[in-house]
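Q:
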Amino acid sequence: MEKGKKILAAGVVVTFISLFFTWINVLIVNLSGFSSDAVFLLAAIVYPAVAVFLKKRINKIGGFVSVGAGVLLILYFLAVIASEPMASPASGPFVAAIGLGIIAYGIIKDTGIPSETVPSA
């Protein structure tokens, strides 16, 4: 597996794991990403995850549209949390944003050439 695909896979894993973190703090109640409807973020990382799983070259425009949709979902989620009384965002949205950043970096590094065919120096 080439370097770009490894970075993409790491970003997908980080973003998925962020859903298990606390996303909303409301007084004594803490909600994870699954119970706070942040699970819709999975739709934004489907394309990069499938590209890694199938070992296909990721289309940079499609990949960045996917990551951009994820960023917009996180920003919308943070705006909704901020508008609720007594609610505050926890670590989940920020870990997901880091995961999306890792995915974006992996998209940049993905050349689509398998590492077995690249001559080493």
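Going letter by letter, the sequence shown gives residues 117 to 237 in my numbering. For each residue, glycine too, the CB sits at the ideal point set by N, CA and C.
1) Looking at C-alpha atoms only, which residue of 179, 178, 189 and 180 is the closest neighbour of residue 209?
2) Got a sec, what are the start and stop residues for the alpha helix (DSSP H) residue 203 sits in?
3) Under 8 Å by Cβ, that's how I've got residue 127 and residue 216 pegged, so tell me the actual separation to the nearest angstrom.
4) Kindly give me the distance between the Cβ atoms of residue 146 and residue 206, rounded to whole angstroms, as I take these residues to be in contact under 8 Å.
5) Exposed or buried, residue 193, counting other C-beta atoms within 10 Å across all chains shown (16 or more means buried)?
6) Report back the beta-carbon spacing between residue 223 and residue 179 to the nearest angstrom; my notes put them in contact at under 8 Å.
A: Per the coordinate set shown:
1) 189
2) Premise fails: residue 203 lies in the beta strand (DSSP E), 203-205, not in any alpha helix (DSSP H).
3) 7 Å
4) 7 Å
5) buried
6) 4 Å
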